[in-house]
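> Quick one: the structure is below, and I'll ask about it shortly.
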């Protein structure tokens, strides 16, 4: 979806799995908090998890600059998650844990429901049903983008 909706086309072929778009703290009443600090990502602290992040949360617009992308995500969103997010490493590890160990791997969930990223439209109700069935009937939050009527 990012590659289709962005004015700058993706440089590489799209992934054949659904990847993380983001992890954002939210307020129950009001807008999502943003840019709570300008502290950058400590690349040495996340070195051991970068390989996993490249797979599940890649910079699809520029595969040569994952760290720059993650840094923007941390500054804009992750830094606002304290508490319970303690630091940049904890933020990125939380994304990995949600994707892999807490059964929130959307690629796996949708694949089991025979919904694959093949570039064809699917009814939103089918996607929601597949996700609800895998996450204790909780309703997922969707953000749809209009791609010039496509």
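Numbering (the working numbering), first residue to last: 914 to 1063.
All C-beta atoms in this analysis are idealised placements derived from N, C-alpha and C, irrespective of residue type, glycine included.
Roughly how many whole angstroms lie between the Cα atoms of residue 953 and residue 987?
For the purposes of this step, residue 953 is identified with residue 40 of the chain shown, where counting begins at 1. For the purposes of this step, residue 987 is identified with residue 74 of the chain shown, where counting begins at 1. So the alpha carbons of these two residues sit roughly 7 Å apart.
> Could you check whether the Cβ of residue 935 sits closer than 7 Å to any heavy atom belonging to the ligand NAP?
No copy of the ligand NAP occurs in the structure displayed, which carries no ligand at all.
> Taking the runs of the alpha helix (DSSP H) that are 4 residues or longer, which of them lie wholly in the stretch 964-1031?
If only uninterrupted alpha helix (DSSP H) runs of at least 4 residues are considered, those enclosed by the stretch 964-1031 are 979-989, 1001-1009 and 1019-1025.
> Would you say residue 1018 lies against chain B (beta-carbon separation less than 8 Å)?
Among the chains in the structure shown there is no chain B, since it carries only a single protein chain.
> Give the range of the alpha helix (DSSP H) segment to which residue 951 is assigned.
Here residue 951 refers to the residue found at position 38 when the chain shown is read from its first residue. Note, residue 951: premise wrong, no alpha helix (DSSP H); not H, not E.
> Which one of 975, 1004, 977 and 997 has the shortest CA to CA distance from residue 989?
For the purposes of this step, residue 989 is taken as the residue at position 76 of the chain shown. Nearest option by C-alpha distance: 1004.
> My output table needs one value for residue 1037: the three-state DSSP class, helix, strand or coil.
The residue you call residue 1037 lines up with position 124 of the chain shown. In this structure, residue 1037 counts as helix in the three-state DSSP scheme.
> Take every Cβ of the stretch 969-976, pair it with every Cβ of the stretch 930-943, and state whether three or more of those distances are shorter than 8 Å.
yes
> Beta-carbon within less than 6 Å of residue 1011's beta-carbon, same chain only, minus the 5 sequence neighbours each way: which residues are those?
Sequence index remark: in the chain shown, residue 1011 carries index 98 (1-based). Result list for residue 1011: 1017, in chain order.
> Hey, residue 1044 and residue 1022 are a contact pair by Cβ (cut 8 Å); roughly how many whole angstroms apart?
On the chain shown, residue 1044 is found 131 positions in, with the first residue counted as 1. On the chain shown, residue 1022 is found 109 positions in, with the first residue counted as 1. Taking 8 Å as the upper bound for CB-CB distance, residue 1044 and residue 1022 are in contact here, some 6 Å apart.
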